[in-house]
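According to my numbering, the sequence shown is numbered sequentially starting from 1.
Structure first, then comments.
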Amino acid sequence: MPANRLSMRKIKEVLRLTWACHQSQRQVARQCSLSRPCVRNYLRRADEAGLSWPLPADLDDSRLERLLFPPVPKPMPAERTVPDWTTVFTDMKQKNVTKFLLWQEYRGLHPTGYNYSWFCDHYRRWLGKRDLSMRQNHRAGEKLFIDYAGHTIPVINRHTGEITEAQIFVAVMGA
C-alpha cells in the first residue's frame, strides 16, 4: 500500500532547505523527520516538473500538487478476442480435453488474449447462464447409475510381472 503524501507545506520546506539553504538530503531528512529516499523522491519530482527556487508566486498548493503528481495515463486496452464459449463447451466433452488445454490453444491463436483466470471465470459465468436442468424422479435405491472413470490403468501381478489393463468402475445408488 503506498504511503500517504506529505502536506504541500512540508514539501515546500524540503525544496526550500535543499535549494535555498543548500543543505544535503541527509540534513533535510533529519530536519523534516523524513527518510532520505523520501526527500530524494520529492526532489526528483520537482526536477521533472521543472521547478526551481524560489517557487513562482502564483503557484498555489493545488497547482504544485498537480505538477509534482501528474495523473498517470491509463493504457488503452488492447483489442482482445473473446473465445466462442459454445465451441469451448463442445470441445470440453471430448476425452483428455481440459480448460487449460483449450486456453493454450486460444492463446496460441490470440497472443494478446485473456489470461487463464479470466478464461475460467468467464467460462463458468457462461455455463451459469445456460440454465440447464434435468429433473429425475425415482425412488431411493430403485436405480443404479454406472460409469467407467477415465482410461484404463495398468495392474502389475507381483508374482509374474504380467501387466493387465483394468478399468475403474463407478456405481452410485440413486436417492
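We put the beta carbon where it would ideally sit given N, CA and C, even for glycine.
Bear in mind the structure is a predicted one, so any value in this text is a computation, not a measurement.
Going by Cα to Cα distance, which pick from the options is closest to residue i?
| i | options | result |
| --- | --- | --- |
| residue 119 | 153, 88 and 142 | 88 |
| residue 6 | 20, 152 and 41 | 41 |
| residue 32 | 100, 19 and 10 | 10 |
| residue 44 | 63, 14, 22 and 30 | 14 |
| residue 110 | 29, 79 and 140 | 79 |
| residue 129 | 85, 25 and 138 | 85 |
Could you tell me if residue i is buried or exposed, where buried requires 16 or more neighbouring beta carbons within 10 angstroms of its beta carbon?
| i | result |
| --- | --- |
| residue 81 | exposed |
| residue 153 | exposed |
| residue 156 | exposed |
| residue 1 | Note on residue 1: pLDDT 44, under 50, position unreliable in the model; no value is reported. |
| residue 46 | buried |
| residue 136 | exposed |
| residue 20 | exposed |
| residue 18 | buried |
| residue 140 | exposed |
| residue 83 | buried |
| residue 28 | buried |
Is it the case that the Cβ atoms of residue i and residue j are separated by a distance below 8 Å?
| i | j | result |
| --- | --- | --- |
| residue 126 | residue 116 | no |
| residue 51 | residue 12 | no |
| residue 123 | residue 113 | no |
| residue 108 | residue 142 | no |
| residue 48 | residue 8 | no |
| residue 30 | residue 53 | no |
The stretch 62 to 70 in contact with the stretch 83 to 93 per 3-pair CB rule at 8 Å: No contact exists between the stretch 62 to 70 and the stretch 83 to 93.
Sufficient close CB pairs (3 or more, under 8 Å) joining the stretch 30 to 41 to the stretch 50 to 63: no
Completely contained beta strand (DSSP E) runs for the stretch 14 to 64, where each covers 3 or more residues: none
Cβ contact check for the stretch 163 to 171 and the stretch 148 to 155: 3 or more pairs under 8 Å: yes
In chain order, each beta strand (DSSP E) run of at least 3 residues that lies wholly inside the stretch 89 to 169: With a minimum length of 3 residues, the continuous beta strand (DSSP E) runs that stay inside the stretch 89 to 169 are 144 to 156.
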